[in-house]
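**Q**
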Amino acid sequence: MKTYIIALKFVCLTGIMSLPLKGYSQDSHFSQIYEIPILLNPARTGFFKDNYRLAGIYRSQWKEITQPFKTISGTIDLNIPAGKNRTNLVGIGLMNFADKAGDADYTSNYLEAAFSFHKNFGDNFSHYLGMGMMTGFATTSFDITKLTFDEDFGTGINSDIPDITSTNFFDMSAGIEYNFLNEKMHFNAGFSVFHLNEPGISYFGNDASRINRKWVISTGLAKSISPMAELLPRAAFFIQGPSSEFEFGTDVKIVLSKNSNTNYAIFLGAYLRLGDAFIPKFKIDMGDLSFGLSYDIPVSGLSEISRLAGGPELSIAFLGTVKGISAGRVYNPRF
Numbered sequence: 040m041k042t043y044i045i046a047l048k049f050v051c052l053t054g055i056m057s058l059p060l061k062g063y064s065q066d067s068h069f070s071q072i073y074e075i076p077i078l079l080n081p082a083r084t085g086f087f088k089d090n091y092r093l094a095g096i097y098r099s100q101w102k103e104i105t106q107p108f109k110t111i112s113g114t115i116d117l118n119i120p121a122g123k124n125r126t127n128l129v130g131i132g133l134m135n136f137a138d139k140a141g142d143a144d145y146t147s148n149y150l151e152a153a154f155s156f157h158k159n160f161g162d163n164f165s166h167y168l169g170m171g172m173m174t175g176f177a178t179t180s181f182d183i184t185k186l187t188f189d190e191d192f193g194t195g196i197n198s199d200i201p202d203i204t205s206t207n208f209f210d211m212s213a214g215i216e217y218n219f220l221n222e223k224m225h226f227n228a229g230f231s232v233f234h235l236n237e238p239g240i241s242y243f244g245n246d247a248s249r250i251n252r253k254w255v256i257s258t259g260l261a262k263s264i265s266p267m268a269e270l271l272p273r274a275a276f277f278i279q280g281p282s283s284e285f286e287f288g289t290d291v292k293i294v295l296s297k298n299s300n301t302n303y304a305i306f307l308g309a310y311l312r313l314g315d316a317f318i319p320k321f322k323i324d325m326g327d328l329s330f331g332l333s334y335d336i337p338v339s340g341l342s343e344i345s346r347l348a349g350g351p352e353l354s355i356a357f358l359g360t361v362k363g364i365s366a367g368r369v370y371n372p373r374f
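For reference, each letter of the sequence shown is one residue, going 40 to 374 in the working numbering.
#1: Suppose contacts are defined by Cβ-Cβ distances below 7 Å. Is A267 in contact with V294 by that definition?
#2: Counting along the chain, where does the beta strand (DSSP E) carrying P120 start and finish?
#3: Span of the beta strand (DSSP E) holding P272?
#4: Quick check: the Cα distance between V232 and F219, rounded to an integer number of angstroms?
#5: Terminal residues of the continuous beta strand (DSSP E) containing L311?
#6: Residues bridged to F176 by DSSP?
#7: Tell me the rounded alpha-carbon separation between N148 and L328.
#8: Out of N118, Y97 and I115, which has the shortest C-alpha to C-alpha gap to K109?
#9: Are S333 and I318 closer than 7 Å when you measure CB to CB?
#10: Give me, in chain order, the residues of the same chain whose beta-carbon lies closer than 8 Å to that of M325; leave out the 5 immediate sequence neighbours on both sides.
#11: Just list the beta strand (DSSP E) runs in the stretch 215-268, keeping only unbroken ones of 3 residues or longer that don't cross its boundaries, in chain order.
#12: What did DSSP end up calling F330 once you bin it into helix, strand or coil?
#13: Considering I77, what are the terminal residues of the alpha helix (DSSP H) in which it resides?
#14: Report yes if the CB atom of T206 is closer than 7 Å to the CB atom of T179, and no otherwise.
#15: If we count the other Cβ atoms within 10 Å of its Cβ and call it buried at 16 or more, is G214 buried or exposed?
#16: Strictly by DSSP, which residues pair up with Y167?
#17: Using the Cα positions of S263 and L270, report the straight-line distance between them to the nearest angstrom.
#18: Could you tell me if E216 is buried or exposed, where buried requires 16 or more neighbouring beta carbons within 10 angstroms of its beta carbon?
#19: Under three-state DSSP, which class holds R92?
#20: For R125, name the three-state secondary structure that DSSP assigns.
See the structure below:
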């Protein structure tokens with residue numbers, strides 16, 4: 040009976056650590072979510088100028104409070120022109136997402152495939168309506184050897200505790216998005232739902248713990264304001280269970296050089312996650328390769344505890360073409 044109580048206690052502790060996954064708060068998130076478009080809306084899969092895109096992002100958060108939250112994601116997606124005039128786009132992608140947090144190294148790992156279709160219905164490739172879905176499998180786990188309870192046992196682990204340190208589940212998400220674009224402007228607005236099936240993550244094989252659906256509304260604009268500069272305001276609103284999050288801000292793109300071979304540009308940005316963090320951002324484009332760096336500066340009640348040590352975040356992306364395959368006819372590859 041005593042070991043059963045011990046097991047219940049560390050499951051409760053694990054439940055506390057996994058609150059973001061259960062919907063009592065948000066999923067683990069990125070401040071540079073726009074640099075990994077699939078994680079914002081599956082309908083964004085494959086919607087860019089070149090043939091394929093490789094993207095990665097890494098985040099570390101709250102190192103002053105407890106064990107740092109570490110989150111990493113990588114995606115690869117490509118587009119295939121379709122239709123009679125090859126003005127529609129079919130997108131295919133693969134997404135991996137992993138994070139680790141807490142003294143017990145609570146870890147989640149997602150591996151999912153993404154698909155999209157973008158229908159062109161305007162003149163000069165100006166209007167697109169896209170639909171996308173993402174589906175795959177995920178695991179959550181923790182290291183029981185790193186958990187101790189002074190009143191129940193010492194540094195050793197009781198062998199009678201049941202083996203309930205990992206669980207697997209199927210996950211599914213979907214989204215729609217509208218894009219209007221020409222040579223001087225690109226506007227988009229989308230709606231997506233993650234964890235459509237509300238997968239169960241109970242370590243006891245029941246439905247007691249589930250991931251709440253996450254609803255996302257996002258919009259953005261890329262507008263040329265001079266021959267060598269663009270303004271890129273963006274906003275996204277997230278709802279998951281009883282929690283919500285609103286992030287908005289803008290980048291200013293400054294073109295350093297522009298020629299037929301390589302374009303160089305820098306992006307200076309500032310974003311606000313309402314009630315949570317102020318986020319300065321810097322990004323550089325070097326032809327098809329880009330690097331981004333941002334830092335969360337807490338503005339919530341955690342700012343004093345964390346000593347303003349928020350979360351650094353690094354992103355990288357590469358867009359390329361395949362010889363002999365025509366690229367999608369999308370004007371702005373960085374949006």
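Glycine is no exception: its CB is placed at the ideal position from the N, C-alpha and C atoms.
**A** The answer reads as follows:
#1: Residue 267 is actually Met in this sequence, not Ala. In this structure, V294 lies closer than 7 Å to M267 by Cβ.
#2: F108 to A121
#3: A268 to Q279
#4: 22 Å
#5: N302 to R312
#6: L150 and F209
#7: 27 Å
#8: Y97
#9: yes
#10: T301 and Y303
#11: 224-233 and 253-265
#12: strand
#13: P76 to L79
#14: yes
#15: buried
#16: N159 and N218
#17: 6 Å
#18: buried
#19: strand
#20: coil
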